[in-house]
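Q:
In structure tokens, the structure reads:
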């Protein structure tokens, strides 16, 4: 946790950065917004998969079990591909 003084200093630095590099500020805000949306979508897909997984066991349904496993594998692969793409972009910038 930052102290009050550190928070004020950080706010001053942020304002100066926004004034000096508005394009960078815009890009950073867009990145944060997109990342938050992706995280919510993945969390929702995983939640649906887990609920369906539990329901499949409760109902003794092989079809629902298969569907839930496919949903969870899809979410896992989506996260994995996204992580590799992010790693590749970072590595390309170096």
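Numbering (our numbering), first residue to last: 1023 to 1116.
All C-beta atoms in this analysis are idealised placements derived from N, C-alpha and C, irrespective of residue type, glycine included.
#1: Check whether the Cβ atoms of residue 1174 and residue 1075 lie closer than 9 Å to each other.
#2: Reducing DSSP to helix, strand and coil, say where residue 1090 ends up.
#3: Would you mind stating whether residue 1089 and residue 1078 have Cβ atoms separated by less than 9 Å?
#4: Within 10 angstroms of the Cβ of residue 1097, are there 16 or more other Cβ atoms? Answer buried if so, exposed if not.
#5: Helix, strand or coil for residue 1023, going by three-state DSSP, please let me know.
#6: Out of curiosity, what's the CA-to-CA distance linking residue 1047 and residue 1037?
#7: Distance check for residue 1080 and residue 1049, CA to CA, integer angstroms please.
A: In short, the structure shows the following:
#1: Any property of residue 1174 remains undetermined from this structure, which presents the chain solely from 1023 to 1116.
#2: Within the chain shown, numbered from 1, the residue matching residue 1090 stands at position 68. Collapsing the DSSP output to three states places residue 1090 in a helix.
#3: Within the chain shown, numbered from 1, the residue matching residue 1089 stands at position 67. Within the chain shown, numbered from 1, the residue matching residue 1078 stands at position 56. Result yes, Cβ atoms of residue 1089 and residue 1078 sit closer than 9 Å.
#4: Against the chain shown, residue 1097 aligns to sequence position 75. Residue 1097 is buried by the Cβ-count criterion.
#5: On the chain shown, residue 1023 is found 1 positions in, with the first residue counted as 1. Note: residue 1023 maps to coil in three-state DSSP.
#6: For the purposes of this step, residue 1047 is identified with residue 25 of the chain shown, where counting begins at 1. For the purposes of this step, residue 1037 is identified with residue 15 of the chain shown, where counting begins at 1. Between the C-alpha atoms of residue 1047 and residue 1037 there is a straight-line separation of about 10 Å.
#7: Numbered from its first residue, the chain shown carries residue 1049 at position 27. Numbered from its first residue, the chain shown carries residue 1080 at position 58. Cα to Cα, the separation comes out at about 47 Å.
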